[in-house]
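In the working numbering, the protein residues as written are 46 to 399. Ideal Cβ positions, reconstructed from N, Cα and C, are used throughout, including at glycine. Worksheet for the structure shown next.
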Amino acid sequence: MCQSNRTARRCSAVLASIMAMSLAAACSEEPGQQPPAADPAAEPAVEAQGRVDVLARFLALEPAGEGDEVVAEVGTTVIHASDVRREIAARSLHDDPANVAVSDPVFQQVLSELVEQRLLALEALRRGLDRDVEARRRLAAAEERILGNILVETVVADAITDDAIARIYEEQNRLAPRVEEVRASHILVTTREEADEVARLLEEGEDFAQLARQVSQDPGTRLDGGDLGYFTRDGMVSAFSRQAFDTEVGAISEPFQTEYGWHVLRVADRRLQPRRDLESLRPNIVRFLTLEGIQMLLDTVRQTYPVTRSGAPAPAEIRAPEAVPPGAPETAADGEDDDAAVEDEAQPGDSPER
Numbered sequence: 046m047c048q049s050n051r052t053a054r055r056c057s058a059v060l061a062s063i064m065a066m067s068l069a070a071a072c073s074e075e076p077g078q079q080p081p082a083a084d085p086a087a088e089p090a091v092e093a094q095g096r097v098d099v100l101a102r103f104l105a106l107e108p109a110g111e112g113d114e115v116v117a118e119v120g121t122t123v124i125h126a127s128d129v130r131r132e133i134a135a136r137s138l139h140d141d142p143a144n145v146a147v148s149d150p151v152f153q154q155v156l157s158e159l160v161e162q163r164l165l166a167l168e169a170l171r172r173g174l175d176r177d178v179e180a181r182r183r184l185a186a187a188e189e190r191i192l193g194n195i196l197v198e199t200v201v202a203d204a205i206t207d208d209a210i211a212r213i214y215e216e217q218n219r220l221a222p223r224v225e226e227v228r229a230s231h232i233l234v235t236t237r238e239e240a241d242e243v244a245r246l247l248e249e250g251e252d253f254a255q256l257a258r259q260v261s262q263d264p265g266t267r268l269d270g271g272d273l274g275y276f277t278r279d280g281m282v283s284a285f286s287r288q289a290f291d292t293e294v295g296a297i298s299e300p301f302q303t304e305y306g307w308h309v310l311r312v313a314d315r316r317l318q319p320r321r322d323l324e325s326l327r328p329n330i331v332r333f334l335t336l337e338g339i340q341m342l343l344d345t346v347r348q349t350y351p352v353t354r355s356g357a358p359a360p361a362e363i364r365a366p367e368a369v370p371p372g373a374p375e376t377a378a379d380g381e382d383d384d385a386a387v388e389d390e391a392q393p394g395d396s397p398e399r
């Protein structure tokens with residue numbers, strides 16, 4: 046099981062966010078049997094109680110644990126603090142959903158939404174809409190999703206331990222190369238003549254940062270004295286990176302040109318890129334382990350339950366989203382053009398950053 050509250054919260058948030066993707070195919074199957082029709086001769090009181098039971102079942106309400114505060118009463122039903130926190134976690138609305146205070150605005154907003162949802166559900170039950178065939182099909186589909194989520198939480202989350210996270214972190218550190226990076230400042234101007242004048246003033250002893258604040262045309266760095274921070278060779282346009290990495294620490298370059306204008310830069314430091322700490326990579330590792338675990342679970346259950354589909358033949362494998370190792374470069378978002386990585390045409394005053 047997730048061995049710390051922090052890891053458990055990460056597991057919960059990740060599982061909630063990706064289960065819809067990974068189990069969409071399974072959850073969209075129609076139930077094999079229609080639910081039994083309601084008995085028209087049933088006593089009204091029995092019918093009403095039955096509808097409340099249905100409501101509790103399909104809202105996946107858990108029995109209140111000790112100390113689980115009742116935060117709202119709606120008709121004869123109640124909403125517990127755990128119900129609100131579960132919804133907050135599922136929607137990733139808070140960094141620490143398990144411990145969000147009842148007085149927190151996020152808690153109160155979600156509670157208001159759950160109260161409205163409960164009001165509408167109770168009214169639907171009063172009108173007997175739960176006996177509608179379409180309503181029963183939707184309830185059955187909701188039950189499938191909930192059961193699938195619980196299976197994944199039980200099987201997959203149990204494997205996402207602090208030890209497993211640490212193991213992936215160490216493996217990533219072992220495999221990932223450490224690249225060189227420099228820290229530099231620059232002054233950007235429009236013409237060669239202006240760049241030559243900047244170089245002359247610096248040679249005469251002008252303070253680099255002060256001069257950058259006065260004359261640099263890069264709005265992103267001018268107020269910081271031209272400071273670009275640390276960057277790797279692929280972090281800037283090639284002409285700028287080449288000049289930065291060819292300049293000694295503490296030295297000031299000759300004026301040079303890029304598509305953004307004319308630059309004079311100073312290199313402040315050079316180092317191997319530091320490794321990211323475990324905590325900063327934890328969300329990526331949890332997501333990686335979750336996707337990997339879901340895929341393994343799906344591969345196993347497909348061997349147990351044969352699937353036949355109408356229409357076009359099913360592909361050999363229907364895989365969950367590919368688990369990308371934590372720390373790997375992110376790909377372009379869905380819907381972006383393949384050519385999105387091509388640089389836009391540079392405009393005067395733009396930063397040389399890619």
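Spatial neighbours of residue 342 in its own chain (CB-CB distance under 8 Å, excluding positions within 5 residues in sequence) are listed in chain order as 196, 197, 200 and 201.
In this structure, residue 119 keeps its C-beta atom at 9 Å or more from the C-beta atom of residue 126.
Going by beta carbons, residue 283 and residue 292 fall outside the 9 Å limit. Residue pairing by DSSP places residue 118 opposite 123 in a beta bridge.
The DSSP assignment places complete alpha helix (DSSP H) segments of no fewer than 4 residues inside the region 120-206 at 126-135, 150-171 and 178-200, in order along the chain. Of the candidates 322, 314, 114 and 347, the residue whose Cα lies closest to the Cα of residue 213 is 322. DSSP links residue 277 through a beta bridge to 226. With contact defined as three or more Cβ pairs closer than 8 Å, the region 203-213 and the region 242-255 are not in contact. Residue pairing for residue 301: DSSP places it in a beta bridge opposite 308. Setting aside the 5 residues that flank it on each side, residue 159 is surrounded in the same chain by 124, 128, 129 and 132, each with a C-beta closer than 7 Å to its C-beta; the list follows chain order. In this structure, the straight-line span from the alpha carbon of residue 287 to that of residue 224 is close to 15 Å.
A straight line joining the alpha-carbon of residue 301 with that of residue 316 spans about 24 Å.
Between the C-alpha atoms of residue 175 and residue 168 there is a straight-line separation of about 10 Å.
In its chain, beyond the 5 residues on either side, 261, 262, 263, 306 and 308 have a beta carbon closer than 6 Å to the beta carbon of residue 233. Where residue 246 is concerned, the enclosing alpha helix (DSSP H) starts and stops at 237-248. Between residue 275 and residue 228, the C-beta gap is smaller than 9 Å, which places the two residues in contact. Minimum Cα-Cα distance from residue 217 among the listed residues 329, 338 and 185 corresponds to 329.
Beyond the five residues adjoining it in sequence on each side, residue 241 comes within less than 8 Å, by CB distance, of 300 in the same chain, given in chain order.
By the C-beta density criterion, residue 335 is buried, having at least 16 other C-beta atoms within 10 angstroms. Assignment of residue 313 by DSSP, reduced to helix, strand and coil, places it in the strand class.
In the structure shown, the three-state DSSP call for residue 272 is strand. Linking residue 352 to residue 346 through their CA atoms gives a straight-line distance of about 11 Å. DSSP lists 307 as the bridge partner or partners of residue 234.
A Cβ-Cβ separation of about 5 Å places residue 271 in contact with residue 231 under the 8 Å criterion. Each of 344, 348, 190 and 279 was checked against the Cα of residue 397, and the nearest Cα belongs to 279.
Counting only the Cα atoms, residue 324 lies some 30 Å from residue 191. In this structure, the alpha-carbon of residue 194 lies about 22 Å from that of residue 327. Remark: C-beta atoms of residue 151 and residue 138 approach each other more closely than 9 Å. Boundaries of the alpha helix (DSSP H) around residue 349: 323-349. In the three-state scheme derived from DSSP, where H, G and I count as helix and E and B as strand, residue 291 is classed as helix. For residue 260, the enclosing alpha helix (DSSP H) has its first and last residue at 253-260. The C-beta separation of residue 294 from residue 314 comes to about 6 Å, placing the pair in contact by the 8 Å criterion.
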